[in-house]
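S.K.: Under the working numbering, think of the first position of the sequence shown as 1, with each following residue one higher.
Every residue gets a Cβ at the ideal spot worked out from N, C-alpha and C, and that includes glycine.
Since this is a predicted model, take the numbers as computed values, not measurements.
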Amino acid sequence: MKEVEITEIIIREYLGSLLRALDSDVIIAGGGPSSLVAGYYLAKAGKKVTILERKLSLGGGTWGGGMGFKYVILEENCLPILQELNINYTKKGEDLYAVDSIALASGLIFNAVKAGAEIFNLVSVEDLVVKDNRVKGVVVNASPIEIARLHVDPITMKANAVVDATGHDLEVVKVLLKKNNLKIFTETGDIVGERSMDVEEGERITLEKTGEVFPGLYVAGMAACACFGGPRMGPIFGGMLLSGKKLAEILVEKV
Ligand code: 48H
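1) For residue 138, which residues does DSSP report across the bridge?
2) Could you check which residue in 128, 127 and 113 has the C-alpha nearest to that of residue 121?
3) If you reduce the DSSP assignment to three classes, tell me which class residue 51 lands in.
4) In or out: residue 50 buried (at least 16 other Cβ within 10 Å) or exposed?
5) Based on DSSP bridge pairs, tell me the residues matched to residue 195.
6) Classify residue 90 as helix, strand or coil using the three-state DSSP reduction.
7) For the alpha helix (DSSP H) containing residue 118, list its first residue and its last residue.
8) Residue 232: beta carbon under 7 Å from a heavy atom of the ligand 48H?
9) On a CA-only basis, which of 148, 82, 38 and 4 is nearest residue 124? Give me that one, please.
10) Cβ of residue 223 within 7 Å of any heavy atom in the ligand 48H?
11) Closer than 7 Å: is that where the CB of residue 54 sits relative to any heavy atom of the ligand 48H?
12) On the three-pair Cβ rule with 8 Å, is the stretch 16 to 31 touching the stretch 70 to 78?
13) How do the stretch 4 to 17 and the stretch 101 to 109 stand: do at least 3 beta-carbon pairs fall below 8 Å, yes or no?
14) With distances taken from CA atoms, which of 249, 186 and 63 is nearest residue 223?
15) What residue range does the alpha helix (DSSP H) around residue 115 cover?
16) What does residue 29 pair with, by DSSP beta-bridge criteria?
17) If you run the structure through DSSP and keep just helix, strand and coil, what is residue 73?
18) Verify the contact flag: residue 168, CB atom, against every heavy atom of the ligand 48H, threshold strictly below 7 Å.
19) Taking the continuous alpha helix (DSSP H) assigned at residue 152, which residues delimit it?
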């Protein structure tokens, strides 16, 4: 029966993807712009990279531009990334380029998938595997189960490196600190927290602090900014794209 044949293909394909993802070089929690750029460059370099996104759609905060006006701003230092990913932009001012946020989100998703990143939507990272003072994997659940607050146990995936790219909420680092009596590689040993808007400083700190925050655990994008006490930067996305690229460069060497 065709109906059952369709169902069987879906189940087998999904289980194949899931089984492959159980042992990755890199697992990235969150599927926003920094994650997708990192996923693209890691996959392009031949790494086995898995992206886990809670929502139905990937792209995080890209889609809405500024206050729902569907444009984001990038600076000249991002143009090589846009050109490589074939995403259009328009010069608008001294070192300011406008990009249609729908083109950016869909372009980032398409290129990450095309390069070979394994992406799961509707999967939430709720905890970590921590052994011998090192992060060794993620504990995940189906988002509908999480959202419905059902009492269902999660499953586990392992990776050489785990990345918190969950944006402003910094969910993975938060759970690491909440459940384990330990310190991370910030000045205070704890999350410093996001500060109020300052575009240049926010972009600078995001890029500078992208990297390892605890053995086996890395931060990228807005999570790096919030973790190390950087200011927010609003709808300018250069820091996010460059953070993803920097993270990939670090991990290509390490894993
Ligand atoms: C699975 C999760 C979990 C979880 C969250 O916020 P994002 O777009 O991430 P970034 O850091 O790449 O980009 C930030 C940018 O969008 C932004 O907000 C900027 C520049 N703000 C500046 C300002 O001033 O406001 O995406 C994070 C993604 C989202 O899609 C979440 O659904 C997802 O992570 N996520 N996925 N498991 N536990 N937590």
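M.R.: Taking the geometry as given:
1) Against the sequence shown, residue 138 aligns to sequence position 138. 128 and 157, per the DSSP bridge assignment.
2) Residue mapping note: residue 121 aligns to position 121 of the sequence shown, counting from 1. Minimum Cα distance to residue 121 is reached at 113.
3) In the sequence shown, counting from the first residue as 1, residue 51 sits at position 51. Looking at residue 51 - three-state DSSP - the assignment turns out to be strand.
4) Mapped onto the sequence shown, residue 50 falls at position 50. By the 10 Å Cβ count, residue 50 comes out buried.
5) Here residue 195 corresponds to residue number 195 of the sequence shown, with the count starting at 1. For residue 195, which the question treats as bridged, DSSP gives the partners 231.
6) Here residue 90 refers to the residue found at position 90 of the sequence shown. The answer is strand: DSSP assigns residue 90 an E or B state.
7) Mapped onto the sequence shown, residue 118 falls at position 118. From DSSP, residue 118 is part of no alpha helix (DSSP H) but of the beta strand (DSSP E) over 118 to 120.
8) Mapped onto the sequence shown, residue 232 falls at position 232. At least one heavy atom of the ligand 48H is nearer than 7 Å to the Cβ of residue 232, so yes.
9) As a first step, residue 124 is located in the sequence shown; it is residue number 124 there, counting from the start. Closest option to residue 124, Cα to Cα, is 148.
10) Along the sequence shown, read from residue 1 onward, the residue named residue 223 stands at position 223. Answer for residue 223: yes, Cβ within range of the ligand 48H.
11) The count along the sequence shown starts at 1 and reaches residue 54 at position 54. Residue 54: yes, Cβ under 7 Å from the ligand 48H.
12) no
13) no
14) Counting from 1 along the sequence shown, the entry for residue 223 is found at position 223. Of the listed residues, the one whose Cα sits closest to residue 223 is 186.
15) Within the sequence shown, residue 115 is the residue found at index 115, counting from 1. Here the alpha helix (DSSP H) through residue 115 covers 101 to 115.
16) Within the sequence shown, the letter at position 29 stands for residue 29. Paired residues: 52 and 164.
17) Here residue 73 corresponds to residue number 73 of the sequence shown, with the count starting at 1. Here residue 73 sits in strand by DSSP.
18) By one-based count along the sequence shown, residue 168 stands at place 168. True, at least one ligand heavy atom lies under 7 Å from that Cβ.
19) Numbered from its first residue, the sequence shown carries residue 152 at position 152. No alpha helix (DSSP H) contains residue 152, which DSSP labels as neither H nor E.
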